[in-house]
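The working numbering applies: residue 158 is where the first sequence begins, and numbers increase by one. Don't be surprised by glycine CBs; every beta carbon is placed ideally from N, CA and C.
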Amino acid sequence: MQQIHNSINRWYSRNARDLPWRRPGVSGWEVMVSEFMLQQTPVVRVLPVYEEWMRRWPRPQDLAAEPLSEALKAWGRLGYPRRAQRLHAAAVEITTEYNGEVPRTEAELLSLPGIGDYTAAAIACFAFGERTVVVDTNIRRVHARLFGGMALPEPTPRASEFARAREVQPEEHQIANMWNISVMELGALVCTARSPKCEQCPVFEQCAWIAAGQPAPHYTPKGQSWKGTDRQIRGAIMAILREHEQAVPERSFLNDLAQESHAKYLALEKLGSPLEQRERALAGLLKDGLAVADEDGIRLPS
DNA sequence: CAAACGTGGTA
DNA sequence: TTACCAAGTTT
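Now the structure itself:
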């Protein structure tokens, strides 16, 4: 096992990407912002938004002082705007409850909005050097192959996976912390979901999946639906709201846009979604607090 | 616990 | 072109 630890950590030291949130001396806030943005989102899309975000709001209290609408606009097209909402809410809580300092323990981090098991462990480890067991989709996949001999991990994480993740960790604190990021990076760059680059893998010789003859996945991925979903309509509505400083009349979203041909709302018009669905999507955004309604119409929340 | 939640690149 | 996938969290 120690050989595997050494191989992957050595691989990381030579192959790790130079990312802004990995620079020596980064603040807890920098790591935290990166982790929020990286949830379900590729690094290349995060980079430009992250740079502008940190330039504008270098501390939690800087973001906390802004209305939510500014955070949602700066979030742009990163996706899952509720992450921006929760990051803003977390910044407010850090400002009021933690004197503007990002907490360093997993338990405290876990209590903040938008921070679950993975993000709490990641911030505690990467920003503060706390000893944690980080388990993300990359690490789950590497473990499934290297130790489990399977092509992919189970669709939903099992308790046994977390137990195994703890068991395979190096004993020494510093080595274990590097192991967290090393395995994650290996999964992101080499042990990828589709067409893994096994010829580049530092633990090819020890891999249980290779030894088993690279068996195919024992299940077929469920797939994420998108076309014609409420999510698509919500995204289109949010895109419109981000572009309008003033409230947008509610009827602009609910009328038969195809016939009225409002050029401004082309994004919704092209979707040709049923009225009922547009109503449901808008109601969902209002319920989630990602949009608000007043006498003038719909706008981003202050 | 399954489902909902955005977006754009890649095969 | 369709489908998968990317540093998950919440309900």
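Less than 8 Å separates the beta-carbon of G441 from that of R391. In this model, F361 and I367 are separated by some 7 Å (Cα to Cα).
By the 16-neighbour rule on beta-carbons within 10 angstroms, L432 is exposed.
Excluding sequence positions up to five before and after Q218, its CB lies within less than 6 Å of the CB of T252, G257, all in the same chain and listed in chain order. By the C-beta density criterion, Y376 is exposed, having fewer than 16 other C-beta atoms within 10 angstroms.
Proximity to N334 across R216, A231, R288, L266 peaks at R288, based on C-alpha coordinates.
Excluding five sequence positions before and after C358, the CB atoms of its chain that fall closer than 6 Å to its own CB belong to V347, given in chain order.
Burial state of T349 is exposed, judged by a 10 Å Cβ sphere holding fewer than 16 other Cβ atoms. Relative to A450, the option among R437, A438, V405 whose CA is nearest is V405. Taking a C-beta distance under 8 Å as the contact criterion, V206 and M194 qualify as a contact pair. In the DSSP annotation of this structure, the continuous segment of the alpha helix (DSSP H) that includes D219 starts and ends at 217 to 221. The beta-bridge partner set that DSSP reports for R456 consists of V449.
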